[in-house]
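Below: one structure, written as structure tokens.
Protein chains in written order, with the working numbering: chain A, 1 to 425; chain B, 426 to 850.
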């Protein structure tokens, strides 16, 4: 097959995706993994648990792409129709796979700890079309399946369960190694510069000439995210060293052009940038969150190893907790209120003391939809950051819904902390 | 148009979706809103910023669906090609819309607070194809567009910006009202029973006969989510009262069959179920989180009005914070360790006292990938819940990745709290 463009389609199956009950995170994961090995995902399609719709999607995507990855529809319940459909589609018949059956038994007895006779529907999970190659699902009962290129399109099909951690294991352990063997793949390299403090239009203005100067093989994309903008350069080619060598000077030029707004030249979140700064300085931090309600703590502790620089947080949702645990003065709360510069300053000072840390960041604001007033409308937020010597503050006026206000506040707080650590070493 | 089946396709545009850099939350929102008014989303398709791929997707989805909703590709930067493409596709030419221009100016001057001459690229955002109806985007600079049915397919097309909060405003204020006017829509009603404490197979076994008894117009789906399973009944028909009347006895029967595992008969998260229980009893709660690192606090405070029953949390990531703020005994930490039944019991007692609450829940565990030992492997978690009189504990042995371990721990902690509140008043 061609070295230059191996295309994939991802088909996700399930009514829950089409009524919006479930957010599709599987496709993003699969796309990332395929991209890393140089497979370009051309299309992602979601269809419901509807026989004809699934069948048509197989036809369409098989005709357009070299690789088709299907997730979902393999569970033990009656709404899952994918396996018999695939069996018909590829002209096979269902047979019991003894290896899969042994694995299902093992999971029920040893892992789920539900010994006793397997249910008929669990045994059925060990049935596979006789025309497929079975892919071992170490984490669950539904096996993955690979169907060799056949028929008009000639695409290679993979069918995987929709449970995210099972799908992830199958992609990494089974699908990727087979694709690497099966295809001669091009190199795709992304480099991302992460900016804060300005908008897409201003950045685009700074980068107009730069963008015009890019060769065909390099592409620039703008990815706005919670008030920050990621700038991504993507280069394609056949030889990894050559692609890297071509991309590097452009990426350096890009960083130079936007240096005023540059946060990092890695595609990582602010919580990781802050964590790396703290580790390098061997310092510890803590948080004192009111309006963000633990979201900053969650972002930080979602990173493995964060205990190296993070001691904890006082989530002072009630004023009483601000007063009793963080030592905010009652007088402050009763005169200027919880959403005020003075309160967040006292929260930072209290967190540094209570948590015994080098740096702390504090948030207090009105996230909405209720709780606003004329003087302090929804979206009014005070942030403070400090160490033992110094405290700095920032006021935000946000204008979004609750969820986005919380996300924007957390991103701004982490960015404020980042700048403070750099400036005050 | 037919009363019985108005179908929609959602097309999302953007390379970021195809390399997995962004998770598509827009489609889920749009699907939910369409579903509420009885529009069935048949397909969701994601394509990159590639002219031919977008054009083909318009052709395909326009031929299959009555409504096509396109998001993304309308930003001010050069990677956004959707607007000129739509203009060609529908055979129009781009003209400056004075109303949109006035709105863009207003946003820059009054909201973004970046007065001064608008950039050429910002002015361009006010250009629209002369064949479309402009949809006012109150929250951003890129207008929405509606293209009337034309050509072979005869679908009604909407193009919306991809920024989630802008897209949401346009769907609610512009798209939905127009669809309600344009189509005679069927009624689609979902009722969801939320279970905890067992798996999909066991539930399916309990529901085999029930599922067989369902009429054509009612469908049952199983939606596993962090160790809980949602069971959703969906009914379709032309008359709202009739559909509700037909669905109700089936939904009651369903709840009765799985009553042992039933958490709630509303499609809400555990954090809302717990919040409603607390509000009804006029009680306050707090949390003491180690391994969940603020995720439980975040889930609770993401709900507007949670300050009525939630005072805050001590995120005691470091043992020092467990000891100094929560009063866990040094002796406990040094003998049985932080991940132990005794530690979480002392954390709960400390949280009740420090936060001055009626109920508290505590977590301590090893989320991975590092930090495990033979005695306490990754996935070992202790939970405790209590009030002034009593503390109960639960041990979990999880076997997932860090993110899922955190999510499973939070869900189990909230469920433990729910059961404790019900049992102990």
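Backbone N, C-alpha and C define an ideal beta-carbon position, used for all residues, glycine too.
A quick note: this is a predicted structure, and the numbers were derived from the prediction, not measured.
Residue range of the unbroken alpha helix (DSSP H) whose run includes residue i
i	result
residue 791(B)	Looking at the DSSP string, residue 791(B) is not in any alpha helix (DSSP H), and its letter there is neither H nor E.
residue 257(A)	240-257
residue 420(A)	402-424
residue 274(A)	270-281
residue 100(A)	98-106
residue 301(A)	295-301
residue 507(B)	507-514
residue 447(B)	Where residue 447(B) is concerned, there is no enclosing alpha helix (DSSP H), given that its DSSP letter is neither H nor E.
residue 635(B)	633-638
residue 851(B)	One cannot answer for residue 851(B) here, as it falls past the ends of chain B, which runs 426 to 850.
residue 16(A)	15-18
residue 478(B)	476-489
Buried/exposed call for residue i, threshold 16 Cβ in 10 Å
i	result
residue 531(B)	exposed
residue 3(A)	In this prediction, residue 3(A) scores a pLDDT of 38, lower than 50, which makes its location untrustworthy; the coordinate-derived value is nonetheless stated afterwards. Exposed, by the Cβ-count rule.
residue 426(B)	Because residue 426(B) carries a pLDDT of 32, less than 50, the predicted location of this residue cannot be relied on, and the following value inherits that uncertainty. Exposed is the call here.
residue 166(A)	buried
residue 21(A)	buried
residue 422(A)	exposed
residue 677(B)	exposed
residue 486(B)	buried
residue 200(A)	buried
residue 755(B)	exposed
residue 298(A)	buried
residue 383(A)	buried
residue 103(A)	buried
residue 177(A)	exposed
residue 340(A)	buried
residue 45(A)	buried
residue 112(A)	exposed
residue 282(A)	exposed
residue 508(B)	buried
Beta bridge counterpart(s) of residue i as assigned by DSSP
i	result
residue 397(B)	Absent from the structure is residue 397(B), since the part of chain B shown begins at 426 and ends at 850.
residue 224(A)	229(A)
residue 811(B)	785(B), 816(B)
residue 802(B)	Paired residue(s): none; residue 802(B) is not in a bridge.
residue 7(A)	40(A)
residue 712(B)	738(B), 786(B)
residue 219(A)	234(A)
residue 460(B)	According to DSSP, residue 460(B) bridges with nothing at all.
residue 45(A)	11(A), 470(B)
Range covered by the beta strand (DSSP E) that runs through residue i
i	result
residue 919(B)	Residue numbering for chain B in the displayed model covers 426 to 850; residue 919(B) lies beyond these limits and cannot be assessed.
residue 264(A)	262-264
residue 129(A)	127-129
residue 582(B)	581-585
residue 71(A)	67-71
Contact list for residue i against chain A, beta-carbon separation under 8 angstroms
i	result
residue 736(B)	317, 318, 320, 321
residue 583(B)	Simply none; closest approach about 17 angstroms.
residue 630(B)	119, 121
residue 686(B)	Neighbours of residue 686(B) on chain A: none; closest Cβ ~14 angstroms, over 8 angstroms.
residue 536(B)	399
Contact list for residue i against chain B, beta-carbon separation under 8 angstroms
i	result
residue 53(A)	467, 468
Chain A contact residues for residue i, given Cβ-Cβ distances below 7 angstroms
i	result
residue 448(B)	23, 25, 28
residue 500(B)	200, 222
residue 825(B)	165
residue 486(B)	The premise fails here: residue 486(B) is roughly 10 angstroms from chain A at the closest Cβ pair, so nothing lies under 7 angstroms.
residue 680(B)	Within chain A, no residue comes near residue 680(B); the closest Cβ sits about 18 angstroms away, beyond 7 angstroms.
residue 460(B)	19, 20
Contact set between residue i and chain B, taken where Cβ atoms lie within less than 9 angstroms
i	result
residue 32(A)	444, 445, 446
residue 369(A)	729
Neighbour flag for residue i against chain E, beta carbons, 9 angstroms
i	result
residue 781(B)	Considering every chain present, this structure includes no chain E. Its protein chains are A and B.
Chain A residues whose Cβ lies nearer than 9 angstroms to that of residue i
i	result
residue 472(B)	42, 43, 44
residue 733(B)	Within chain A, no residue comes near residue 733(B); the closest Cβ sits about 10 angstroms away, beyond 9 angstroms.
residue 506(B)	Neighbours of residue 506(B) on chain A: none; closest Cβ ~12 angstroms, over 9 angstroms.
residue 750(B)	312, 314, 325, 354, 355
Neighbour list for residue i in chain B, Cβ cutoff strictly below 7 angstroms
i	result
residue 15(A)	646
residue 298(A)	718, 719, 720, 723
Original post:
What are the start and end residues of each continuous beta strand (DSSP E) run of 3 or more residues lying completely inside the stretch 313-355 of chain A, in chain order?
Top reply: Along the length of the stretch 313-355 of chain A, whole beta strand (DSSP E) runs at least 3 residues long do not occur.
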